[in-house]
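K.L.:
From first to last, the protein sequence lines are chains A and B.
Be aware that the first sequence starts at 1, since it is given in my numbering, and climbs by one per residue.
Be aware that the second sequence starts at 312, since it is given in my numbering, and climbs by one per residue.
Using N, Cα and C, we set each Cβ at its ideal position, and we do this for glycine too.
2 protein chains.
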Amino acid sequence: MTTQLESWNNGAAKSAILDFVQKVTTTNGPDFVPPAERIATFDNDGTLWLEKPMYIQLEHGLRAIGRAAAEKPELRERQPFKAVYEKDMAWLGKAAADYAKGDPSGVLTLVMGLAEVLEGITVEAFEADVLDFLSNVQEAHFKKPYKQLTYGPMVELVHYLQDNGFQVYITSGGGRDFMRAVCEEIYQIPRSMVIGSSVTFKYGEDAQGIPQILRTREIEQPIDDGPGKPPHIHRTIGRRPILAAGNSDGDIHMLKYAKGHKGPSLALLVHHDDTQREFCYDGGSEKALQLAQQEGWIVVSMKDDWKKVFA
Amino acid sequence: MTTQLESWNNGAAKSAILDFVQKVTTTNGPDFVPPAERIATFDNDGTLWLEKPMYIQLEHGLRAIGRAAAEKPELRERQPFKAVYEKDMAWLGKAAADYAKGDPSGVLTLVMGLAEVLEGITVEAFEADVLDFLSNVQEAHFKKPYKQLTYGPMVELVHYLQDNGFQVYITSGGGRDFMRAVCEEIYQIPRSMVIGSSVTFKYGEDAQGIPQILRTREIEQPIDDGPGKPPHIHRTIGRRPILAAGNSDGDIHMLKYAKGHKGPSLALLVHHDDTQREFCYDGGSEKALQLAQQEGWIVVSMKDDWKKVFA
Numbered sequence: 001m002t003t004q005l006e007s008w009n010n011g012a013a014k015s016a017i018l019d020f021v022q023k024v025t026t027t028n029g030p031d032f033v034p035p036a037e038r039i040a041t042f043d044n045d046g047t048l049w050l051e052k053p054m055y056i057q058l059e060h061g062l063r064a065i066g067r068a069a070a071e072k073p074e075l076r077e078r079q080p081f082k083a084v085y086e087k088d089m090a091w092l093g094k095a096a097a098d099y100a101k102g103d104p105s106g107v108l109t110l111v112m113g114l115a116e117v118l119e120g121i122t123v124e125a126f127e128a129d130v131l132d133f134l135s136n137v138q139e140a141h142f143k144k145p146y147k148q149l150t151y152g153p154m155v156e157l158v159h160y161l162q163d164n165g166f167q168v169y170i171t172s173g174g175g176r177d178f179m180r181a182v183c184e185e186i187y188q189i190p191r192s193m194v195i196g197s198s199v200t201f202k203y204g205e206d207a208q209g210i211p212q213i214l215r216t217r218e219i220e221q222p223i224d225d226g227p228g229k230p231p232h233i234h235r236t237i238g239r240r241p242i243l244a245a246g247n248s249d250g251d252i253h254m255l256k257y258a259k260g261h262k263g264p265s266l267a268l269l270v271h272h273d274d275t276q277r278e279f280c281y282d283g284g285s286e287k288a289l290q291l292a293q294q295e296g297w298i299v300v301s302m303k304d305d306w307k308k309v310f311a
Numbered sequence: 312m313t314t315q316l317e318s319w320n321n322g323a324a325k326s327a328i329l330d331f332v333q334k335v336t337t338t339n340g341p342d343f344v345p346p347a348e349r350i351a352t353f354d355n356d357g358t359l360w361l362e363k364p365m366y367i368q369l370e371h372g373l374r375a376i377g378r379a380a381a382e383k384p385e386l387r388e389r390q391p392f393k394a395v396y397e398k399d400m401a402w403l404g405k406a407a408a409d410y411a412k413g414d415p416s417g418v419l420t421l422v423m424g425l426a427e428v429l430e431g432i433t434v435e436a437f438e439a440d441v442l443d444f445l446s447n448v449q450e451a452h453f454k455k456p457y458k459q460l461t462y463g464p465m466v467e468l469v470h471y472l473q474d475n476g477f478q479v480y481i482t483s484g485g486g487r488d489f490m491r492a493v494c495e496e497i498y499q500i501p502r503s504m505v506i507g508s509s510v511t512f513k514y515g516e517d518a519q520g521i522p523q524i525l526r527t528r529e530i531e532q533p534i535d536d537g538p539g540k541p542p543h544i545h546r547t548i549g550r551r552p553i554l555a556a557g558n559s560d561g562d563i564h565m566l567k568y569a570k571g572h573k574g575p576s577l578a579l580l581v582h583h584d585d586t587q588r589e590f591c592y593d594g595g596s597e598k599a600l601q602l603a604q605q606e607g608w609i610v611v612s613m614k615d616d617w618k619k620v621f622a
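#1: So that I know if they touch, is there some Cβ in chain B lying closer than 9 Å to that of tyrosine 187 (chain A)?
#2: Does glycine 192 (chain A) have its Cβ less than 9 Å from a Cβ in chain B?
#3: Distance, Cα to Cα, serine 509 (chain B) vs glycine 484 (chain B)?
#4: In the DSSP assignment, the alpha helix (DSSP H) including phenylalanine 625 (chain B) goes from what residue to what residue?
#5: Interface residues of chain A around tyrosine 568 (chain B) at Cβ under 7 Å?
#6: Step through the CB atoms of chain B and report whether any lies within less than 9 Å of the CB of arginine 180 (chain A).
#7: Please classify proline 552 (chain B): does DSSP put it in a helix, a strand, or coil?
#8: Sorted by chain position, which residues of the same chain lie with C-beta nearer than 7 Å to valine 262 (chain B)'s C-beta, five sequence neighbours on each side aside?
#9: Considering only C-alpha positions, which residue in the set A:Ile242, A:Pro104, A:Leu50, A:Ile121 is nearest to leucine 161 (chain A)?
#10: DSSP three-state label for valine 611 (chain B), please.
#11: From the DSSP output, which residues share a beta bridge with tyrosine 203 (chain A)?
#12: Use the C-beta contact count for proline 541 (chain B): other C-beta atoms within 10 angstroms, 16 or more gives buried, fewer gives exposed.
#13: So, using beta-carbon positions, are aspartate 38 (chain A) and asparagine 164 (chain A) closer together than 9 Å?
#14: Can you tell me whether glutamine 605 (chain B) is helix, strand or coil according to DSSP?
#15: Would you say serine 326 (chain A) faces chain B, with C-beta separation under 9 Å as the test?
#16: List the residues of chain B whose Cβ lies closer than 7 Å to the Cβ of tyrosine 203 (chain A), in chain order.
#17: Please state if the CB of serine 318 (chain B) and the CB of tryptophan 617 (chain B) are separated by a distance shorter than 9 Å.
#18: What first and last residue would you give for the beta strand (DSSP E) that runs through histidine 253 (chain A)?
#19: Shortest alpha-carbon distance to methionine 193 (chain A) belongs to which of B:Thr482, B:Gln478, B:Asp585?
#20: Which term fits threonine 547 (chain B), buried or exposed, when burial requires 16 or more other beta carbons within 10 angstroms of its beta carbon?
#21: Of all Cβ atoms in chain A, is any one closer than 9 Å to the Cβ of valine 332 (chain B)?
#22: Is it true that the stretch 296-305 of chain A meets the stretch 320-340 of chain B, where meeting means three or more beta-carbon pairs spaced less than 8 Å apart?
#23: In this structure, does DSSP put tryptophan 319 (chain B) in helix, strand or coil?
#24: Could you check if arginine 215 (chain A) is buried or exposed, using at least 16 other CB atoms within 10 Å of its CB as the buried criterion?
#25: Does any residue of chain B bring its CB to less than 9 Å from the CB of glutamate 156 (chain A)?
#26: Consider the Cβ of histidine 234 (chain A): report whether some Cβ of chain B lies at a distance smaller than 9 Å.
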């Protein structure tokens, strides 16, 4: 039995979603879209799960960088190892603040430090480490394991779309292989349907001659964010989405891409306006919120449109 | 009703396939593999369709390069435009012969020339051009449109695996978007399940402000061939295949990767030994054929194992 978005309050957002799905699934209707073309793409951080007070993947990265800096004193002579080891909140805070203002240099230094630390490990070893972190480390504010901090109404929407013949993909600005560790468990989205940023890989063979995929320290270009998202979507899916959901300026190009579909399309922008149950912030989403009306995107108010926030 | 590989003769290859599928699909059996992990990867050129006397995609590329050289005389001052325009069979033949011997420089010059000619066009325009070529141009030797030159027993095998809960991917050393133009029609493989080589893309907006994905002239690294295949497979699927099929030395790493699966695995190597119905050649497959026995790969004889060659 298909859900009817029970964790959503009645209102413009819920109606827009129900109407859209009704329309594209009505056989012989003027807006019918065959299942093969029912592509939906969902941003992850801030759209499907928590991204404040810190990106979950950033917390994982800081731990790995900190462990490496503790083990190898020579690393502490340079960034990001020095700041992480010394818990230099001024440096780390500036990296985060700059990123929100559109200057990714500090965050890139962290990302490159992490890629360096993880260079040469197998994709399986990385995944096991991520799964352990997401399952066993408790998030400081909500006091729950990270993997439990998904947004219930959005996960319900993913399942509602899947039940209606949609192929639902994640398009994360963060790491693709990071989300693959839990996507099947927490969203019931197959790992082949996760698009995201990544390092590149190389082929190797272990001591027994068994082929292994090893991480390099090279960041694959483009990052799956902003104008990088549509090319990533094309590369993986080969079709333009008819539905896209995001929450920040990094999702603008993806939302426009979906709305450029010839035929029916729907773009959703999750607005973090719930002081009580989550956090209230527009930082990093100012342009998207400003564009929403003229572009015909549906703004989803966490406060008004959702009966609950977390799954 | 599931096929039982009716276009295959009884013999070691057919038995190995039927036994393997039986084994991994037997619930509660010791070798049961859940559907999510039943990943199969198939090389394309020479495995699923014709690759002689010339790679089909090469014929398409030569035409595009030739058109550009005819329109822009200044291009003819350099390779590959000069050779293609002048039909310089010595230069073109050497490029092909060098490639078979492991020196890709001439073929790379052609690939880069093609990427240059197609720079800036939309992915939809490229796909339409490919579809037109594959549907309407007749192959010189067999006198049929290119898209009809698939191997019937291999297409039957793809469907047999799909019917048994496998997710079947193409992993082409050639262009991913080239195969996407016809994969759904000729193999019933969704375009999101095509892995292959590619240029990179950039985001653009057309005169109406509609987002478009545009081809660049940059070749994405690595090429999806040889040691590049397993990293491509990881990037797209995120799981190790349990079955892989190829026909040439470019498939060695993929076949080894599949055989490295912890649990049951099957690797198939198609051998072009049918002088009557296709072509007889080992060139470019010498190492793979030599490795087959020690690695436990099943060699599929087109002559002995197949009742027919073309679909």
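P.N.:
Walking through what the data contain:
#1: no
#2: The amino acid at residue 192 (chain A) is misidentified as glycine; the sequence shows serine. Yes - at least one Cβ of chain B is within 9 Å of the one on serine 192 (chain A).
#3: 9 Å
#4: This structure gives no information on residue 625 (chain B), because the portion of chain B shown stretches from 312 to 622.
#5: Pro211
#6: yes
#7: coil
#8: Absent from the model: residue 262 (chain B). The displayed extent of chain B is 312 to 622, so no value can be given.
#9: A:Ile242
#10: strand
#11: A:Ile213
#12: buried
#13: Reading off the sequence shown, one finds arginine at residue 38 (chain A), where the question assumed aspartate. Cβ atoms of arginine 38 (chain A) and asparagine 164 (chain A): closer than 9 Å.
#14: helix
#15: For residue 326 (chain A) there is no data in the structure shown, the boundaries of chain A being 1 and 311.
#16: Pro538, Pro541, Pro542, His564
#17: yes
#18: Counting along the chain, histidine 253 (chain A) falls outside any beta strand (DSSP E), though it belongs to the alpha helix (DSSP H) covering 252-259.
#19: B:Gln478
#20: buried
#21: no
#22: no
#23: strand
#24: buried
#25: no
#26: yes
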